Every structure is written in C-alpha cells, then in structure tokens.
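In this note's numbering, the protein residues as written are 31 to 374.
Note that beta-carbon positions come from the ideal geometry of N, C-alpha and C, so glycine has one too.
In this text, all values refer to a predicted model and were calculated from it rather than measured experimentally.
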Amino acid sequence: MEQSRNLRPLIGMNLEQLKGVAAEVGLKPFAAGQIARWLYEKRVVAVDEMTDLSLHARAKLKEMYCVGRTAPKAEALSVDGTAKYLFEGAGGRDVEAVFIPDRDRATLCVSSQAGCRMGCKFCMTGRQGFHGQLTAAQIMNQILSVPCSKDLTNIVFMGMGEPMDNIDEVLRAIEILTAKWGMGWSPKRITVSSIGKLDGLQRLLRETSVHVALSIHSPFPSERESLMPVQRAYPAVKVIDAMKEYDFSGQRRLSAEYIMWDGVNDDLRHAEALARLLKGVKCRVNLIRYHAIGGNFAGRPASREKMEAFRDRLNELGVTATIRASRGEDIDAACGMLAGSQKL
C-alpha cells in the first residue's frame, strides 16, 4: 500500500469532491467517475493502478493525493471465527473493526471515533474518553482494507464511538457505500447504532434509508441515566417519540439494543415497562448478555433463564424480541469491549 507522505487520501471522497480533485490536476469532470471506480469498485491501493488515466494525470495526482489505504496494524482471531483488526485512529488512539462470519452473512463492525465522549458506564470504549473523530477516509479504510473485504455482506456502525457525534463523516461513508458511483450497496445492508443523540439521528433518518439501532438498556429514566449519562440530554422517551415520525414498516428497520445485567434490568417489570416505552413505533428488541469489562463497574451478566423469560414476556406483549448470540468475547471483540488496544 502507498506511503501517504502527508498526501491527502482519495478514499472517503464523494463524487463531487473527486470532481474537485480532477479539476485540480487538469482533468475533465468525467474523470471523477473513473477515479471513483478505481477506488470503490476495483479497490486499487495506488494511484499508478488507475491505468485509464494518462501518465501525466497520474503523476499530477500523486503530487497531492494518495489512495489512502492502510493495512491493519494487528489482528486477533476468536475461537468462534470472529476477527478483530486494529487500525490507526485519531489523537494517538487506535481503533478496532470486528469481522463476524455467520453462515451466509459476513458482517463488519466499524468504528467512527477514537474513544467516545458519551460516558456509558458499562462500555470499555467510553472508559477511554474521547480522542478524536475518524474521517470518512478512515472509516472507509476499515471496510476496504480488512482481509475479508470483498466477502462482506453487511456493515454495522457499532464499533468504537457514537456515530451521531461524527455525523458528517458517517453520512459521507454511507453515501460512498450506497451510491451507484461508489460501492452500490443496498441501504438494507447497513445498520447504524446510536445512544439516541437526536440531532444527528434525525439527519441520518432524513438523508439515508439505512437501518437504525438504539441503545436503551433500561426503560426507567433514573436507572438509564445511572448507566448512560446521555439520558439527561436525550431521554429515551423523547427519542422514541421522535422515531414515530418515521416509517419503519417497510424496508427500513428500527431495533432497540438492550444489554442485560443480573438484578439490574432483567426482571419482568422491566420487560413490561420497555414494551410500554416502545408502544406506537415498530421496533424489535435485541437482548444482549453483558460482557464484563472490569474496573469500577460491578455489573454481572443476566442468566440465560432471565433473558429467555424477558424475551418471552416481550413477545407476549407484541414486541418482537430475540437474544443476540455473543461473538468474539475471548478476544475482547464483543459488545462494549472495544478499546483500541495494541495488545491484540
């Protein structure tokens, strides 16, 4: 892969930006489409591979730009086939992407920030603090540069960071993934998670057709606030009410992510309150076993029996609920465990 030498990366640019690049090096606007094909369809790693551009054009391009692809710095493989990859991040903090193979699905969980400023008590990423925003180039590099890139069927923005706190770069990455001039994916192959930061979330819903996953974790305001400080600024009830303005009955899906702790939020009282909170919006619930991260958060995973009873009660109340299988826990790749560690 190219050495950047402080050159500007081309990956992460949309068609309009590439038209600006073409003009800068003396090419006609249609050359932007050629460059986009080389970047996102043919997935080249060096400008010299763009062979339908003249030698002169490539030389001019290389004076200011590079493709911007960088290989993972490290990787770890779980016993269940999950793989975790370490990429250069921001502010001195690396970031992680997780590949999850599952029968006919090959999902990549990508990061959007180095660290996170949301401060959720149970999340290892949040414990790192915030170090910086990832650019669209850094987000796309995770997707294009993992070894299994060409086999991917789904992308989930559920890695390090709160995607709505970096909405401009996340939207540009989604544009590249879904545009005909880009990778041409269906939005149905992409899910973006959020703790409910409404300003960014509403932009995402207006400007894309991707699936949305909301982190809820408790239906009771004071309890949720003790786990997720964001509850003060964006109460769950306010977020769910805002979701009622959008159509989730067709192609787009809304889900609620619900990590379960023993004796904290795993009884039927919580299930019934969660069903009331979600009333009036079409939403499925993903129940997730807590993955211990140590430190000063003393929560323990809910039992399988409690999780099954919780699921069954939600289903009885007309809310579709499933228990998500844990993947990659042995390599700290499961939900809430990503820390951007060099020790892979």
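Residue from the options whose Cα sits closest to the Cα of residue i
i      : options                           : result
ASN295 : LYS336, TYR95, LEU37 and VAL75    : LYS336
PRO249 : VAL242, HIS241 and MET258         : MET258
ASN44  : GLY56, ASP195 and GLN64           : GLN64
LEU244 : ARG314, SER252 and ALA355         : ARG314
LYS320 : ASN345, GLY159, TRP291 and GLY310 : First, the amino acid is wrong: residue 320 is Tyr here, not Lys. Minimum Cα distance to TYR320 is reached at TRP291.
GLY143 : VAL128, ILE323 and PHE160         : For the record, residue 143 in the displayed sequence is Gln; it is not Gly. The residue with the shortest Cα to Cα distance from GLN143 is PHE160.
VAL140 : ASN36, ASP124 and CYS96           : ASP124
GLN47  : LEU83, ALA62 and GLY56            : ALA62
ARG254 : ASP277, ARG233, ILE289 and ALA272 : ILE289
GLU29  : ASP229, TRP68, ALA266 and ALA167  : Beyond the ends of the chain as shown, which are 31 and 374, falls residue 29; an answer cannot be given.
GLU71  : ASN184, SER179 and MET148         : SER179
GLU302 : LEU344, SER285 and ALA328         : LEU344
TRP215 : THR183, GLN281 and ARG299         : THR183
ASP132 : GLY145, THR112, LEU69 and ARG147  : THR112
GLY145 : GLN158, LEU304 and ALA136         : GLN158
HIS241 : SER279, LYS227 and GLU118         : SER279
LEU116 : ALA104, GLY122, SER108 and ASP110 : ALA104
ALA120 : ASP181, ILE169, LYS218 and ALA355 : ILE169
ASN316 : ASP342, ARG236, LYS49 and GLU192  : ASP342
ALA379 : LYS92, VAL51 and LYS151           : In the structure as shown, the chain starts at 31 and stops at 374, and residue 379 therefore has no counterpart that could be examined.
ASN36  : HIS86, CYS96 and ALA87            : CYS96
ARG236 : ALA355, PRO265 and ALA272         : ALA272
SER333 : VAL55, GLY149, LEU304 and GLY293  : GLY293
ALA106 : LYS49, GLY98, ILE130 and GLU199   : ILE130
PRO251 : VAL55, LEU307, ALA52 and LYS274   : LEU307
VAL222 : GLY212, SER239, ALA209 and LYS210 : SER239
MET148 : SER256, TRP68, ALA136 and ALA322  : SER256
LEU298 : ALA127, ARG73 and GLU346          : GLU346
LYS268 : GLN232, ALA203 and VAL75          : GLN232
Strand pairing of residue i, partner residues [DSSP]
i      : result
ILE220 : ILE185
PRO39  : CYS96
PHE160 : GLY145
ALA113 : LEU107 and PHE129
Helix, strand or coil at residue i according to DSSP, with G and I counted as helix
i      : result
LEU317 : strand
GLU46  : helix
ARG330 : coil
GLY230 : helix
ALA1   : Lying outside 31 to 374, the shown extent of the chain, residue 1 is not represented and no answer is given.
GLY310 : coil
LEU85  : helix
GLY191 : coil
ALA101 : coil
LEU374 : At LEU374 the pLDDT is 49, less than 50, meaning the model places this residue with poor confidence and gives no usable figure here.
VAL294 : coil
ALA52  : helix
PHE60  : coil
ALA339 : helix
SER356 : coil
GLY344 : The residue you asked about is not Gly; residue 344 is Leu in the sequence shown. Three-state DSSP puts LEU344 in a helix.
Start and end residues, beta strand (DSSP E) containing residue i
i      : result
ILE2   : A query on residue 2 cannot be resolved here, the shown segment of the chain reaching from 31 to 374 and no further.
ALA351 : 351-353
MET301 : Correcting the residue type first, residue 301 is Ala in the shown sequence and not Met. Taken as a continuous stretch (DSSP letters only), ALA301 belongs to no beta strand (DSSP E), being part of the alpha helix (DSSP H) at 298-307.
HIS241 : 241-245
GLU105 : 104-107
Residue i: first and last residue of the uninterrupted alpha helix (DSSP H) it sits in
i      : result
LEU69  : That residue, LEU69, is in no alpha helix (DSSP H); it is neither H nor E in DSSP.
GLY149 : Note, GLY149: premise wrong, no alpha helix (DSSP H); not H, not E.
VAL200 : 197-208
GLY156 : 154-157
LEU174 : 166-175
Entirely within the stretch 115-145 and at least 3 residues each: give me those beta strand (DSSP E) ranges in chain order. If we require 3 residues or more, the beta strand (DSSP E) runs fully inside the stretch 115-145 come out as 123-132, 135-139 and 143-145.
Could you pull out every unbroken alpha helix (DSSP H) segment of at least 4 residues lying fully inside the stretch 249-281, listed in chain order? For the stretch 249-281, whole alpha helix (DSSP H) runs of length 4 or above, ordered along the chain, are 251-257 and 266-273.
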